[in-house]
Amino acid sequence: METFTEIFATATPVQFVLIGALVLLVWFLPALVALVTNRKQVRLIAMACVPAGFSLIAWSGVMVWAVTGNMLNRFNKKNATE
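What follows is the structure, encoded as structure tokens:
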């Protein structure tokens with residue numbers, strides 16, 4: 045724990061900004077993935093990222109939603125045409 049406080053005490057403002065940007069990137073990663081894979085629900089996924097970032101289980105669920113949300117529509121369309 046002392047090492048963490050030493051690193052925190054000697055960090056420059058640039059390092060704080062970089063760490064903050066990295067945290068936000070990971071926090072909103074499901075929304076960024078949804079921009080590519082699930083565009084219809086990207087707003088809902090982005091809003092769900094805010095509270096989900098406090099829980100690894102909830103964040104994982106939002107990530108699964110972002111990745112697989114559009115696959116269900118494709119599966120339903122495929123079955124409807126057969």
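Residue numbering for the sequence shown is 45 to 126, as defined by my numbering. Every residue, glycine too, gets a C-beta built ideally from N, C-alpha and C. These figures come from a predicted structure and were not determined experimentally.
*asked:* Please give the ranges of any alpha helix (DSSP H) in the segment 48 to 72, keeping only runs that are unbroken, at least 4 residues long and fully inside the region.
replied: Listed in chain order, the alpha helix (DSSP H) elements of length 4 or more contained wholly in the segment 48 to 72 are 57 to 71.
*Pro57 to Met107, Cα distance in whole Å?*
If I take the Cα positions, the gap works out to 31 Å.
_Using C-beta distances below 6 Å, list every residue in its chain close to Ser104, excluding the 5 sequence neighbours before and after it, in chain order._
Excluding positions up to five away in sequence, the list is empty.
*For the candidate residues Lys84, Pro74 and Val80, whose alpha-carbon lies nearest to that of Leu100?*
It is Pro74.
*Contact check, Ala78 vs Val67, beta carbons under 8 Å*: Between Ala78 and Val67, the C-beta spacing is not below 8 Å.
*Limits of the alpha helix (DSSP H) - the one that Arg83 falls within*: Per DSSP, Arg83 lies in no alpha helix (DSSP H) and is assigned neither H nor E.
*Going by the beta-carbon positions, is the gap between Ala96 and Ala90 smaller than 8 Å?*
Contact flag unset, no.
*How big is the Cα-Cα spacing for Trp71 and Thr54?*
So the two alpha carbons sit approximately 25 Å from each other.
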